[in-house]
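**Student:**
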Amino acid sequence: MPKASPLLRIAVPTPLRRSFVYQPPETLTGPEIDALRPGIRVRIPFGRRQLVGILLELTHEQDVETGRLRPALEVLDREPLIPEHLLRLCQWASAYYQHPVGEALHSLLPVALRQGKEAQVRPWPKADTDTADQDAAQPLSLNQEQSEAVQTVLGELEGFSCHLLDGVTGSGKTEVYLQIIAEVLAQGRQALILVPEINLTPQTIHRFRQRFQRPIAVLHSGLTNRQRLDAWLRAGDGSAGIIIGTRSAVFTPMQNPGLIIVDEEHDTAFKQQDGFRYSARDLAVMRARQEDINIILGTATPALESLHNARQGRYRHLRLYERPGARRKTRFELLDINGQRLQEGFADELLTRIRHHLDAGNQVLVFINRRGFAPVLQCGDCGWVAECSHCDARLTLHRSPLHLRCHHCERRRPPDRHCPDCQSHDLVPVGLGTERSEHLLQNVFPEHRVIRIDRDSTRRKEAMDEHLADIRKGQPCILVGTQMLAKGHHFPDVTLVAVLDADSGLFSADFRGQEHMAQLLVQVAGRAGRADKPGEVLIQTRHAEHQSLQTLIHDGYHGLAGQLLGERAEADMPPYSQLALLRAEAATAGAAANFLQNARRQSEALLAQHADEGTATVELTGPLPAPMEKRAGRYRAQLILRSPRRSTLQGLLTALCQQLEADPDSRRVRWSIDVDPLDML
Ligand code: ADP
Ligand code: ZN
Ligand code: ZN
Numbered sequence: 000m001p002k003a004s005p006l007l008r009i010a011v012p013t014p015l016r017r018s019f020v021y022q023p024p025e026t027l028t029g030p031e032i033d034a035l036r037p038g039i040r041v042r043i044p045f046g047r048r049q050l051v052g053i054l055l056e057l058t059h060e061q062d063v064e065t066g067r068l069r070p071a072l073e074v075l076d077r078e079p080l081i082p083e084h085l086l087r088l089c090q091w092a093s094a095y096y097q098h099p100v101g102e103a104l105h106s107l108l109p110v111a112l113r114q115g116k117e118a119q120v121r122p123w124p125k126a127d128t129d130t131a132d133q134d135a136a137q138p139l140s141l142n143q144e145q146s147e148a149v150q151t152v153l154g155e156l157e158g159f160s161c162h163l164l165d166g167v168t169g170s171g172k173t174e175v176y177l178q179i180i181a182e183v184l185a186q187g188r189q190a191l192i193l194v195p196e197i198n199l200t201p202q203t204i205h206r207f208r209q210r211f212q213r214p215i216a217v218l219h220s221g222l223t224n225r226q227r228l229d230a231w232l233r234a235g236d237g238s239a240g241i242i243i244g245t246r247s248a249v250f251t252p253m254q255n256p257g258l259i260i261v262d263e264e265h266d267t268a269f270k271q272q273d274g275f276r277y278s279a280r281d282l283a284v285m286r287a288r289q290e291d292i293n294i295i296l297g298t299a300t301p302a303l304e305s306l307h308n309a310r311q312g313r314y315r316h317l318r319l320y321e322r323p324g325a326r327r328k329t330r331f332e333l334l335d336i337n338g339q340r341l342q343e344g345f346a347d348e349l350l351t352r353i354r355h356h357l358d359a360g361n362q363v364l365v366f367i368n369r370r371g372f373a374p375v376l377q378c379g380d381c382g383w384v385a386e387c388s389h390c391d392a393r394l395t396l397h398r399s400p401l402h403l404r405c406h407h408c409e410r411r412r413p414p415d416r417h418c419p420d421c422q423s424h425d426l427v428p429v430g431l432g433t434e435r436s437e438h439l440l441q442n443v444f445p446e447h448r449v450i451r452i453d454r455d456s457t458r459r460k461e462a463m464d465e466h467l468a469d470i471r472k473g474q475p476c477i478l479v480g481t482q483m484l485a486k487g488h489h490f491p492d493v494t495l496v497a498v499l500d501a502d503s504g505l506f507s508a509d510f511r512g513q514e515h516m517a518q519l520l521v522q523v524a525g526r527a528g529r530a531d532k533p534g535e536v537l538i539q540t541r542h543a544e545h546q547s548l549q550t551l552i553h554d555g556y557h558g559l560a561g562q563l564l565g566e567r568a569e570a571d572m573p574p575y576s577q578l579a580l581l582r583a584e585a586a587t588a589g590a591a592a593n594f595l596q597n598a599r600r601q602s603e604a605l606l607a608q609h610a611d612e613g614t615a616t617v618e619l620t621g622p623l624p625a626p627m628e629k630r631a632g633r634y635r636a637q638l639i640l641r642s643p644r645r646s647t648l649q650g651l652l653t654a655l656c657q658q659l660e661a662d663p664d665s666r667r668v669r670w671s672i673d674v675d676p677l678d679m680l
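When you line the sequence shown up against numbering that gives the first Met the number 0, it's residues 0 to 680, in that order.
1) Taking 6 Å as the limit between beta carbons, can you name the residues of its chain near D132, skipping five residues before and five after?
2) Smallest Cα separation from Q178: which of L258, V11, R313 and V249?
3) Determine the DSSP secondary structure at D132, reduced to helix, strand or coil.
4) Within 10 angstroms of the Cβ of V120, are there 16 or more other Cβ atoms? Answer buried if so, exposed if not.
5) Output needed for D455: all residues of its chain with C-beta closer than 6 Å, excluding positions within five of it in sequence on either side, in chain order.
6) Within the region 439-483, note down every full beta strand (DSSP E) run reaching 3 residues or more, in order along the chain.
7) Let me know if Q539 comes out buried or exposed under the rule of 16 or more other beta-carbons within 10 Å of its beta-carbon.
8) Please name the residue in V41, A94, S278 and V74 whose C-alpha comes closest to that of Q649.
9) Are there 16 or more other CB atoms within 10 angstroms of the CB of Q342, so buried, or fewer, so exposed?
10) How would the residue list near ligand 3 read, in chain order, if you kept each one whose beta-carbon is closer than 7 Å to any heavy atom?
11) Decide if the region 369-388 is in contact with the region 411-427; the criterion is three or more beta carbon pairs, one per stretch, under 8 Å apart.
12) Please find out if some non-hydrogen atom of ligand 1 comes closer than 8 Å to the beta-carbon of K460.
13) Which full runs of the beta strand (DSSP E) of 3+ residues lie inside the region 33-104, going along the chain?
14) Where A517 and R459 are concerned, what is the direct C-alpha to C-alpha distance, given to the nearest angstrom?
15) When the Cα of T732 is compared with those of I477, F207 and A234, which residue comes out closest?
16) With distance defined between alpha-carbon atoms, name the residue in H98, L68, R630 and A661 nearest to A392.
17) Helix, strand or coil, according to DSSP, for S507 in the structure here?
18) Look up V363 in the DSSP assignment and say whether it is helix, strand or coil.
19) Going straight from the alpha carbon of A501 to that of H557, what length do you get?
20) Kindly identify the DSSP beta-bridge partner or partners of G166.
21) Evaluate contact between the region 235-244 and the region 206-218, counting only Cβ atoms and requiring at least three cross-stretch pairs below 8 Å.
22) At a threshold of 8 Å, does H489 count as lining ligand 1 (C-beta to nearest heavy atom)?
23) Check whether the region 636-645 and the region 582-598 are in contact - that is, three or more C-beta pairs closer than 8 Å.
24) My output table needs one value for N255: the three-state DSSP class, helix, strand or coil.
25) Are there any heavy atoms of ligand 1 lying less than 8 Å away from the beta-carbon of A299, as far as the coordinates show?
26) The alpha helix (DSSP H) that contains V521, what's its start and end?
27) Would you mind stating whether F159 and R288 have Cβ atoms separated by less than 9 Å?
28) Helix or strand or just coil, what does DSSP make of W670?
29) If I follow the unbroken alpha helix (DSSP H) through C378, where does it start and stop?
30) Do V152 and L317 have their beta-carbon atoms positioned less than 9 Å apart in this structure?
31) Listed by chain order, which residues have C-beta atoms less than 5 Å from any heavy atom of ligand 2?
32) Pull the bridge partners of V427 from the DSSP assignment, please.
33) Pair every Cβ in the region 107-119 with every Cβ in the region 219-232, then say whether three or more of these pairs are closer than 8 Å.
34) With distance defined between alpha-carbon atoms, name the residue in A590, E155, G621 and R411 nearest to R666.
35) In the DSSP assignment, find the alpha helix (DSSP H) that holds P201 and state where it starts and stops.
36) Under the three-state reduction of DSSP, which class applies to A543: helix, strand or coil?
Shown next as C-alpha cells:
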C-alpha cells in the first residue's frame, strides 16, 4: 500500500481559534506535496467561500475522517511568503494574546497578498534610490557615553541580547542607532526600526537617508497597498538594508536580520488596542530572541516594565545622562495656581513668561492634553451639562466649526441654545481645550503667530508637515497642542514649555496613570532647549505639594519611576504580576455582567482542576462595570485576571477561550481578551 500523502494544516482567516486540515490540491503529485513548505499561501474552500490561508505544516493527523476532508484548491507560492521564524513568532503571538491564528497571520500580510495576488517585487522607484539631491551626512564624533553604548552593543552583536538605551531627550540616541546600524549594514545584514507614530517616520527616514545614502523600506498605515507590498517584499528578499515602520512592521520578513530598534519604547502606540491586541515592543524582543539577534529599546522615559527588566539583568541598561555639546539641561518649575487669577486657564505669571521668551526672539510651546474649545458645556443657572446620549461622557464644545462632539463615539450635534432643564440661556463653556488656548493666546499676542497642533488641525495629510516647516523657520511663535507635540520632534528654537494642567494625570483611575503622566511631562519638556539655547519648563498645578510631582521635579523621571515600581511591588501589580482583562459589551448592562459572571464560574472550575498541582493561582476580580460603562450605545464590563506566573495565566486563558468560543450564549455579547492591557478603560 503506498504511503498516505500528507495533509495540509492551514491557518484560515476566521474568528475561530483553531487551524484547519485539508487534502492537498488534486493537481499536485506526491513529490510536489512533500516539497510544500510552511509559510506558503493556499487557496481553500471554506463553507461556500474561497479564502486564502497559510500553510502551517504538513501533517498526518486529521480532525475529522479523511473522507470528509476537502481538498485545497491551489497553491499560490513556490517559496514561503512568511519565513519560518516569522511564522513561529506569529503563532506564538496568537497563543499568547489569545487571538485566532488565521486572523493574526492574515493581519500581518499586505492587503494585496491577503487577496491572493502574486508576490512580485518591483524595482525601486527612482525617487527612492536617487540620493544625489541629499547632502551626505557624516557620522558625528561621539561623546564618552554614546561611545560606550555603541561599543557595548557592537561587542555583543552576535546572538541575542536586549539593550535598554535609556538616554535623556536630546542625548543623541539616534546617533547611537546610526553608528550601530552602519556596522550591521557593513556585515550585509538588515536593521528594522520601529517608531510609534506615522508622523515620526518622515524625519527619521530623512536622517537615515542622509547618513546611509541608500533606499529605505518604509511601512506604515499612510501608504497605498502597492507601496506597502513593495516595501514588504524588499525587506523579505533582502534588498532593503533598512526598514522603518510603525507597530505592524514588527512582522516584516527579513532575509538577513541583524538588528531591531524600538524607538520611544515606552509609547503606548506600540500596543494594538483592538482586534489582535499585541505589543509590538514585546513581540520585537521575542522576535530578536527567536532570530538570535540584538535589539535596542530606546527612550528617555522607560516603561516601568522595561526598567524592571533592566534591573533584573534581563536587559542591559545603557544610560546617557548628558546632552552632547554645551547644551544645558532643562529646568523644571511648578507654578502653583491656587488663589491665582486665571485668564482662560493661564496664570498672569505664565503669560508674562511667555512674553519674555517671545521678546527674546524665541518660540514657546504650550501643552494641553485636550482637543476642542472646552470639555464641558454647562448651564450657569442649574448646573446641567451636555452629555453624549450614547456614552457615559460629556460632550466637548468645538468652535471651528461650532458643534458639540463626543470624543468616544465621534457623534456630533449643534450646541443647545438654552438649557433643556431650566430653559436658561446662560450656557457656559467650562474647562480648557486647545482651541480655547489658541484663541486666548492669539488675543494676548496678536503680533505673533499661534500654531495649533492636534488631531483636528492635522487631519489633512500634509497639514502636520506644513506646521513643522513653519515652525522650523525659527520666527518667534507659540505652538499650542496635545501630546502630538510631545513626540520625538525637534523644535530647536523653543525655549519655554508650558504645561497648562498636570493634575488630571495625578488622580487617574488607571494604575498606569502616574507613569504615563510622568512620561508625557518629561517628553514634552524634552522639546525645550534642544539647540544652543537653555530651556525652561513651567508646570501649572493646583497640587504643587503632590509627592509624585515633587519627586519628578527634584529626582527626575527615574526617581519617580523607582517610587512607582515600589508601589507596584507593594500592590502586586505589573511588572510584579501578570494581568489580563476579559472585556464584554452588550446592549444591556445585565447581559455583559451575566456573560462575565459565567466566565468567572468557568475560570474557577478550570482553576479547581489544577488546584492540587501546587502552582501559582489566578486571582479573579469582577465582573465590574468598565470605568466608562456605556460607550457608543453599548454597556461594557470587565473581569480582571491576575497571576504571579505568566504561564499559569496563559494556561487558564487558553482553556477559558475555548470554552467561551464553544458556548452559543457567548454570541450574544461582544467579548475580547486583552493580555498585558495598557489601560483598564
Ligand atoms: P535623542 O534621540 O536622544 O533625543 P538625537 O539623536 O536626536 O537625540 O540628538 C539630539 C541632537 O544632538 C541632534 O541635533 C544631534 O545631531 C545632536 N548630536 C547627537 N550626538 C552628537 C554628538 N556626539 N556631537 C554633537 N551633536 C550630537
Ligand atoms: Zn439649566
Ligand atoms: Zn459618545
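The beta carbon of each residue, even a glycine, is placed where N, CA and C say it ideally should be.
From a predicted model like this one, the values you see are computed outputs, not experimental measurements.
**Tutor:** In short:
1) Low confidence applies to D132: its pLDDT is 49, below 50, so where it sits in the model is not reliable, and the reading given next is rough at best. Correct list: empty, nothing qualifies.
2) L258
3) Confidence at D132 is low in this model, with a pLDDT of 49, below 50, so its placement is unreliable and the value that follows should be read with caution. Three-state result, D132: coil.
4) exposed
5) R370
6) 448-452 and 476-480
7) buried
8) A94
9) exposed
10) C387, H389, C390, A392, C405, H407, C408, R410, R630 and A631
11) yes
12) no
13) 40-45 and 48-58
14) 30 Å
15) Outside the shown range of the chain, which is 0 to 680, sits residue 732, and nothing can be said about it.
16) R630
17) coil
18) strand
19) 18 Å
20) L319
21) yes
22) yes
23) yes
24) coil
25) yes
26) G512 to A524
27) yes
28) strand
29) Premise fails: C378 lies in the beta strand (DSSP E), V375 to C378, not in any alpha helix (DSSP H).
30) yes
31) C378, D380, C381, W383, C418, D420, C421 and S423
32) Q377
33) yes
34) A590
35) T200 to F211
36) coil
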